[in-house]
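> Take this structure first; my questions come after.
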Amino acid sequence: MTDYFQEIVLERLNFFSSEQGYIRNSFSKQFENINKLLKARSEYCKSQTGDYASKSVPCDALAPYRAEYKYSSLNLYGNTEAPLFKKKRIDELNISNINEYIARDHSIKWAPRFKLNKVISGHKGWVRSIAVDPSNNFFVSGSSDKLIKFWDINSGILKLTLTGHIAAVRKVLLSERHPFLFSCSEDKTMKCWDLEQNRIVRNYARHSSGIYCLDIHPRLDIVATGSRDGSVVLWDIRTRESIHLFKNHKAAVSSILMQSVEPQLISGSYDRTIRTWDIVAGKSRDILTRHIKPIRALAKHPIHYSFLSAGADCIKIWEGEDSTYLRDLSSSQSIINTITIKSQENNSIVLAGCDNGQLHFWDYETGTLYDTIQSSIQPGSVEAENSILDCKFDRTESVLITGECDKTIKIWNLKSAELI
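For the sequence shown, UniProt numbering puts the final residue at 420, and the numbers step up evenly by one.
Set out below in structure tokens:
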């Protein structure tokens with residue numbers, strides 16, 4: 001049991017100079033550097049424990065950045081008779097014959113663990129959407145019972161109930177820049193609520209079927225909605241006029257993203273495609289077709305220039321203006337309903353809420369599924385209602401809120417951050 005499984009994840013290699021610090025090397029030398037480092041690391045591992053094999057990295061001349069991402073996770077394997085593999089880490093390794101290069105370990109060191117703190121009952125239908133107040137004082141829930149409720153984020157006490165929709169509420173979203181709450185419903189409308197007066201100030205209607213999703217632009221006064229009719233509508237918040245109507249999807253639009261960089265509008269659909277949109281020209285930019293099952297959720301990374309898409313079977317990561325495919329997260333073997341991202345200083349955590357009541361946690365950088373929590377249905381509910389429909393972190397990212405099919409909201413607190 002002297003040999004161990006060793007996983008080493010390399011960051012982009014940088015030229016090191018004691019005077020100048022880290023300076024990014026050109027892509028043309030990137031792969032040569034990786035191979036040099038792997039050879040040296042392999043020799044190092046041989047001298048330490050057992051016979052390790054390293055793999056070389058071919059240079060993709062046409063798209064070097066793709067190859068860089070493709071081979072960013074590099075595994076070194078050793079022969080072992082141990083029934084369980086044990087990870088070993090080398091945080092930094094300087095090799096004497098190439099001491100101008102340095103590798104850093106990006107594997108998970110501290111992984112957050114959550115435990116159930118309280119269960120809130122108040123809705124009479126499925127809790128489909130959660131939104132957290134920017135000041136972190138309260139959160140909002142939207143339900144199939146047509147109601148929107150406001151809850152104290154610390155005590156879980158009900159503060160306010162809004163009525164106005166005549167069918168199930170599918171999505172609620174709080175504006176970061178205005179005292180507004182937006183909600184969309186299966187009644188084919190989106191509503192804007194003034195939170196200073198607690199009343200509806202604007203109605204938006206153009207879809208021919210229920211509205212499943214919405215998102216607000218972070219800088220502009222526009223909001224996008226996606227509907228069961230397969231259309232995406234871009235709205236002017238102030239005038240209530242529709243700016244663009246996109247009808248390219250062939251099935252219901254399940255999720256919408258808006259961001260301040262291109263592509264500024266992204267939509268995911270049950271037709272198994274993701275589309276990016278030019279909101280100025282009013283036309284489709286790209287069609288992403290790597291999913292083989294319906295798209296159920298999208299989430300943008302709060303720091304990286306990337307977003308995630310969840311099909312019924314897997315989560316994919318896309319990056320940049322052209323939405324270049326990067327990688328899949330390891331399979332959870334569950335049907336995914338919702339995803340969100342917890343951004344930390346050293347690493348990010350991807351969370352998925354699933355149809356079987358499970359919460360799955362991945363490390364964003366390595367794609368490692370490191371934790372699974374089972375949410376239990378409440379007394380009086382049937383097994384089919386053991387499903388998580390939405391999940392959100394509070395602004396401190398130490399509290400997790402889930403909306404579930406058993407008509408409850410569950411509050412999960414950060415239990416610990418454990419070394420893995």
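Even for Gly, the Cβ is constructed at its ideal location relative to N, Cα and C. No experiment lies behind these values; they were computed from the predicted model shown.
Let me check you understand the geometry: is the CB of residue 116 closer than 7 angstroms to at least one non-hydrogen atom of the ligand COA?
Inclusion of the ligand COA in the displayed structure is not the case, the ligand content being empty and no account of it being possible.
> Report the start-end ranges of each beta strand (DSSP E) in the segment 333-417 that is 3 residues or longer and not cut off at the edges.
Listed in chain order, the complete beta strand (DSSP E) runs (minimum 3 residues) inside the segment 333-417 are 336-343, 348-354, 358-363, 369-374, 388-393, 399-404.
> Quick check: residue 168 and residue 144, are their CB atoms within less than 8 angstroms of each other?
yes
> Give me the Cβ distance between residue 234 and residue 243, rounded to the nearest whole Å; I'm assuming they're in contact under 8 angstroms.
4 angstroms
> How many Å lie between residue 294 and residue 254 at the Cα?
9 angstroms
> Kindly list the residues whose CB is nearer than 7 angstroms to the CB of residue 312, restricted to its own chain and excluding five residues on each side of it in sequence; keep chain order.
293, 294, 296, 335, 336
> Beta-carbon separation of residue 506 and residue 409 under 8 angstroms?
Outside the displayed range of the chain (1 to 420) lies residue 506, so it cannot be described from this structure.
> Which residue or residues does DSSP assign as beta-bridge partners of residue 191?
Beta-bridge partners of residue 191 (DSSP): 183, 203.
> Using the Cβ count rule (16 or more neighbours within 10 Å means buried), how would you classify residue 245?
Classification of residue 245: exposed, given that the 10 Å Cβ count is below 16.
> Could you check the C-alpha separation between residue 250 and residue 180 for me, to the nearest Å?
So the alpha carbons of these two residues sit roughly 32 angstroms apart.
> Put residue 277 into one of helix, strand or coil per three-state DSSP.
strand
> Do the CB positions of residue 392 and residue 340 come within less than 8 angstroms of each other?
The Cβ atoms of residue 392 and residue 340 sit closer than 8 angstroms to each other.
> Which value, in whole angstroms, describes the spacing of the CA atoms of residue 325 and residue 291?
The C-alpha of residue 325 lies about 11 angstroms from the C-alpha of residue 291.
> Using only the alpha-carbon positions, how far apart do residue 331 and residue 347 sit?
Distance between the alpha carbons of residue 331 and residue 347: 20 angstroms.
> What's the C-alpha gap between residue 400 and residue 329?
21 angstroms
> Does the beta-carbon distance from residue 279 to residue 264 come in below 8 angstroms?
yes
> By how many angstroms is the C-alpha of residue 198 removed from the C-alpha of residue 308?
34 angstroms
> Report buried or exposed for residue 281, applying the criterion of at least 16 other Cβ atoms within 10 angstroms of its Cβ.
exposed
> Rounded to the nearest angstrom, what separates residue 370 and residue 358 at their Cα positions?
13 angstroms
> Buried or exposed for residue 219, please, with buried defined as at least 16 other CB atoms from any protein chain shown within 10 angstroms of its CB.
exposed
> Suppose you measure from the CA of residue 372 to the CA of residue 320; what does that come to, to the nearest Å?
30 angstroms
> Taking 8 angstroms as the threshold (C-beta atoms), are residue 142 and residue 183 in contact?
yes
> Between which two residues does the beta strand (DSSP E) harbouring residue 315 extend?
315-319
> Using only the alpha-carbon positions, how far apart do residue 204 and residue 338 sit?
25 angstroms
> How many angstroms separate the CA atom of residue 252 from the CA atom of residue 188?
Each residue's alpha carbon lies about 13 angstroms from the other.
> Do residue 211 and residue 190 have their CB atoms nearer than 8 angstroms?
yes
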